[in-house]
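Student: First, the structure itself, so that you have it in front of you.
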Amino acid sequence: MGNSGERGQTPIRGQTPVPLARPVLGPEEEQAVAEVLRSGHVSLGPRVPEFERAFAERIGVRHASAVSSGTTALHLGLRAVGVSDGDEVITSPFSFVASANVILYERARPVFADIDPVTLNIDPDAAAAAITGRTAALLPVHIFGYPADLPALERHGLPIVEDACEALGARHADGTAVGGRGHPAAFGFYANKQLTTGEGGMLTMSSAEHKERVDSERNQGRAPDMGWLDHDRLGFNYRLTDMQAAIGLVQLDHLDGMLADRARVAGWYREALAGIEGLEAPCEDSGGDVRGWFVFVVQLPRGISRDDVISGLRALGVQSKPYLPAIHLMSFYRERFGHQPGEFPVCEDVAERSLALPFFPALTEGQVARVAEALREVLGR
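Okay, so the sequence shown: first residue is -8 according to the working numbering, each after it adds one.
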């Protein structure tokens, strides 16, 4: 692909397809893994605590615990704040399903609250209306990297566990990094995230007590001063390997550049998609909040078949994906809790029209122009 000089070219068919995402791994990550392999400490070695310290410093929080995924970070975060049998946890229905599933892991009930139509994060007023005497915690999702309104949610005095899996690099209006307010906050390092270790995650927190519990529970319930033959609590195999931590350390060193690359691609998209009638781009940063760019998801014009758009883009060599479905309308949640269409109208409208376009740091301006040209052609049919 070339640069912006391709913007005026009409032919699209036959060109190299534009993929939806592409992991950023290179020679430095390979060398870091090789060093771990040569050291003999592929797990439970020095790289994991080094990664934790560096990540905590980056976020501006006292503690961080590296785990095997963003999902496991969320699970351990809920356990740390005491969520258990019969509790209710208020969360967003517009998210990856893991943010609701982890509540069920502890035999608690996910209570959904509708979302804000602009930020797509949980609506603070809807969350407030959902609070009952059984509410044990709030689990806001910083969807697509845009900061949820934590100050509004903090006013209720309830424990908060943040799903920041898509929001590395985001900042609240007061300058605090998302994940740095002291609540347990889960980050994910899957291949399409701002920072990737292939799989992996991190839980940030201010409480030393939470840190001690999480570190034990991720390692089968073993306390730091115990041998492997003794464990003093229920635990899980939620560890991150030293090989993954080594990759994470390299990625962390380059994070500012990767975040800047993502922001630049997002800017190209805003320019290239401007003027398409009925198409809604991700909200602009507002009131001092800053997005950490994860994906570029647009809302298609109402009345347009998303499936037809996806098929049309594919025929033109552009990958796209519905992103995200409404959790409460997934078959498991409908059957388990009796959810029906119409309960959360903003979420349902957004979920029906959301489309993820190709987005990764190495995307060129020419590729962005091709995607925009293809989308214009398909929508204009």
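Glycine included, every Cβ here is placed at the ideal spot set by N, Cα and C.
1. Once you ignore the five residues that flank A257 on each side, which residues in its own chain have a CB closer than 7 Å to its CB?
2. Using 8 Å as the threshold, is the region 34 to 52 in touch with the region 261 to 273, meaning 3 or more CB pairs across them?
3. For F42, which of V33, R209 and M193 has the nearest alpha-carbon?
4. Out of A127, T82 and G51, state which residue places its alpha-carbon closest to the alpha-carbon of D76.
5. Of the choices L243, L346, Y181 and Y137, whose alpha-carbon is the least far from that of Y314?
6. Who pairs with S345 in a beta bridge, going by DSSP?
7. Using the rule of at least 16 other Cβ atoms within 10 Å of the residue's Cβ for burial, across every protein chain shown, is E339 buried or exposed?
8. Between the region 200 to 208 and the region 177 to 184, do at least 3 Cβ pairs fall closer than 8 Å?
9. How many Å lie between R(-2) and F135 at the Cα?
10. From the DSSP secondary-structure annotation, give me the bridge partner or partners of A55.
11. Which residues does DSSP list as the beta-bridge partners of V80?
12. Would you mind listing the alpha helix (DSSP H) stretches within the region 0 to 32 that are 4+ residues and don't spill past its ends, in chain order?
13. Just checking my contact of L144 with L159 at CB under 8 Å: how many whole Å lie between their CB atoms?
14. Excluding the 5 residues preceding and the 5 following A161 in the sequence, name in chain order all residues of the same chain whose CB lies nearer than 8 Å to its CB.
15. Report the rounded CA-to-CA distance for G51 versus Q242, giving the unit in angstroms.
16. Report the residue ranges of all beta strand (DSSP E) runs contained in full by the region 200 to 281; include only those spanning at least 3 residues, in chain order.
17. Under the three-state reduction of DSSP, which class applies to E356: helix, strand or coil?
18. Here's the rule: buried if 16 or more other CB atoms are within 10 angstroms of the residue's CB, otherwise exposed. What is W219?
19. If you compare alpha carbons, which of T7, R29 and F87 is closest to M234?
20. Quick check: the Cα distance between L67 and A91, rounded to an integer number of angstroms?
21. Please report the Cβ distance between G226 and G239, rounded to the nearest whole angstrom; I am assuming they are in contact, meaning their Cβ atoms lie under 8 Å.
22. Taking the alpha-carbon of L11 as reference, which of P349, L270 and A25 has the nearest alpha-carbon?
23. Shortest alpha-carbon distance to A176 belongs to which of A251, A104 and A55?
24. Which same chain residues, not among the five before or five after M249, have their C-beta less than 8 Å away from its C-beta?
25. On the criterion of 16 or more Cβ atoms from any shown chain inside 10 Å, does V359 qualify as buried, or is it exposed?
26. List the DSSP bridge partners of F178.
27. What residue from A64, R172, E153 and V152 has the CA that sits closest to G191's CA?
28. Thinking C-beta only, is H174 closer than 9 Å to M196?
29. For R344 versus I301, is the C-beta distance shorter than 9 Å?
30. Who are F85's beta bridge partners in DSSP?
31. Determine the closest residue to S311 out of P18, A365 and V337, with distance taken between C-alpha atoms.
32. Could you give the distance in angstroms between the alpha-carbon of N228 and the alpha-carbon of I81?
33. Secondary structure at E153, three-state DSSP: helix, strand or coil?
34. Checking the sheet assignment: what are the DSSP bridge partners for K312?
35. Tell me the residue span of the alpha helix (DSSP H) that contains S75.
Tutor: With the given structure in hand:
1. Counting from one through the sequence shown, the residue named residue 257 turns up at place 266. Excluding sequence neighbours, A257 sits near W284 and F287.
2. The region 34 to 52 vs the region 261 to 273: no contact.
3. Here residue 42 corresponds to residue number 51 of the sequence shown, with the count starting at 1. Nearest option by C-alpha distance: M193.
4. Here residue 76 refers to the residue found at position 85 when the sequence shown is read from its first residue. When each option's Cα is compared against that of D76, the closest is A127.
5. Residue 314 sits at position 323 when you count from the first residue of the sequence shown. Measuring from the Cα of Y314, the nearest candidate turns out to be L346.
6. Locating residue 345 in the sequence shown gives position 354, where the first residue counts as 1. According to DSSP, S345 bridges with Q290.
7. Position 348 of the sequence shown, counting from 1, holds the residue named residue 339. By the 10 Å Cβ count, E339 comes out buried.
8. Between the region 200 to 208 and the region 177 to 184 there are fewer than three C-beta pairs closer than 8 Å, too few to call the two in contact.
9. Here residue -2 refers to the residue found at position 7 when the sequence shown is read from its first residue. Here residue 135 refers to the residue found at position 144 when the sequence shown is read from its first residue. The pLDDT assigned to R(-2) is 33, lower than 50, so where the model puts this residue is not dependable; a value taken from the coordinates is nonetheless given after this. R(-2) and F135 have their C-alpha atoms roughly 27 Å apart.
10. Residue mapping note: residue 55 aligns to position 64 of the sequence shown, counting from 1. T195.
11. Locating residue 80 in the sequence shown gives position 89, where the first residue counts as 1. Answer is P101 and A128, bridged to V80.
12. Counting whole runs of 4 or more residues, the region 0 to 32 contains the alpha helix (DSSP H) stretches 18 to 30.
13. To locate residue 144, count along the sequence shown from 1; it is residue 153. To locate residue 159, count along the sequence shown from 1; it is residue 168. That belief does not hold up - the Cβ atoms of L144 and L159 are roughly 20 Å apart, past 8 Å.
14. Locating residue 161 in the sequence shown gives position 170, where the first residue counts as 1. Excluding sequence neighbours, A161 sits near H133, G136, Y137, P138, A155, A168, V169, D280, V281, R282 and G283.
15. Residue 51 sits at position 60 when you count from the first residue of the sequence shown. Residue 242 sits at position 251 when you count from the first residue of the sequence shown. The straight-line gap from Cα to Cα measures roughly 18 Å.
16. With a minimum length of 3 residues, no continuous beta strand (DSSP E) run stays inside the region 200 to 281.
17. Position 365 of the sequence shown holds residue 356. In this structure, DSSP gives E356 a helical state, which the three-state scheme calls helix.
18. Within the sequence shown, residue 219 is the residue found at index 228, counting from 1. Looking at its Cβ environment, which holds fewer than 16 other Cβ atoms inside 10 Å, W219 is exposed.
19. Residue numbering aside, residue 234 sits at position 243 when the sequence shown is read from its first letter. Nearest in C-alpha terms to M234, of all of T7, R29 and F87, is R29.
20. Here residue 67 is taken as the residue at index 76 of the sequence shown, counted from 1. Here residue 91 is taken as the residue at index 100 of the sequence shown, counted from 1. Per the coordinates, the alpha-carbon of L67 lies some 14 Å from the alpha-carbon of A91.
21. One-based indexing of the sequence shown puts residue 226 at position 235. One-based indexing of the sequence shown puts residue 239 at position 248. Here G226 is actually not in contact with G239; their C-beta atoms are around 22 Å apart, not less than 8 Å.
22. As a working note, residue 11 is residue 20 in the sequence shown. Selected option, being the one with the closest Cα: P349.
23. Here residue 176 refers to the residue found at position 185 when the sequence shown is read from its first residue. Here the closest residue by C-alpha is A55.
24. In the sequence shown, residue 249 corresponds to position 258, counting from 1. Residues V15, Q185, L186, Q242 and P352 of the same chain have their beta carbon placed closer than 8 Å to that of M249, with the five preceding and five following residues left out of the count.
25. On the sequence shown, position 368 is the one that residue 359 refers to. Using a 10 angstroms sphere on the CB of V359, the tally of other CB atoms reaches 16 or more, which defines it as buried.
26. On the sequence shown, residue 178 is found 187 positions in, with the first residue counted as 1. In the DSSP output, where bridge partners are listed per residue, F178 has M193.
27. Along the sequence shown, one-based indexing puts residue 191 at 200. Checked all of A64, R172, E153 and V152; the closest Cα to G191 is A64.
28. Within the sequence shown, residue 196 is the residue found at index 205, counting from 1. Within the sequence shown, residue 174 is the residue found at index 183, counting from 1. Their beta carbons are under 9 Å apart, which means M196 touches H174 by this criterion.
29. Taking the first residue of the sequence shown as position 1, residue 344 is located at position 353. Taking the first residue of the sequence shown as position 1, residue 301 is located at position 310. No.
30. Numbered from 1 along the sequence shown, position 94 holds the residue referred to as residue 85. Answer is A317.
31. Looking up residue 311 in the sequence shown gives position 320. Of the candidates P18, A365 and V337, the residue whose Cα lies closest to the Cα of S311 is A365.
32. As a position in the sequence shown, residue 228 is number 237, starting the count at 1. As a position in the sequence shown, residue 81 is number 90, starting the count at 1. N228 and I81: Cα-Cα distance of roughly 27 Å.
33. Here residue 153 refers to the residue found at position 162 when the sequence shown is read from its first residue. Strand at E153.
34. Here residue 312 corresponds to residue number 321 of the sequence shown, with the count starting at 1. When beta bridges are read from the DSSP output, K312 appears opposite A347.
35. For the purposes of this step, residue 75 is taken as the residue at position 84 of the sequence shown. Careful: S75 lies outside any alpha helix (DSSP H) and carries neither H nor E.
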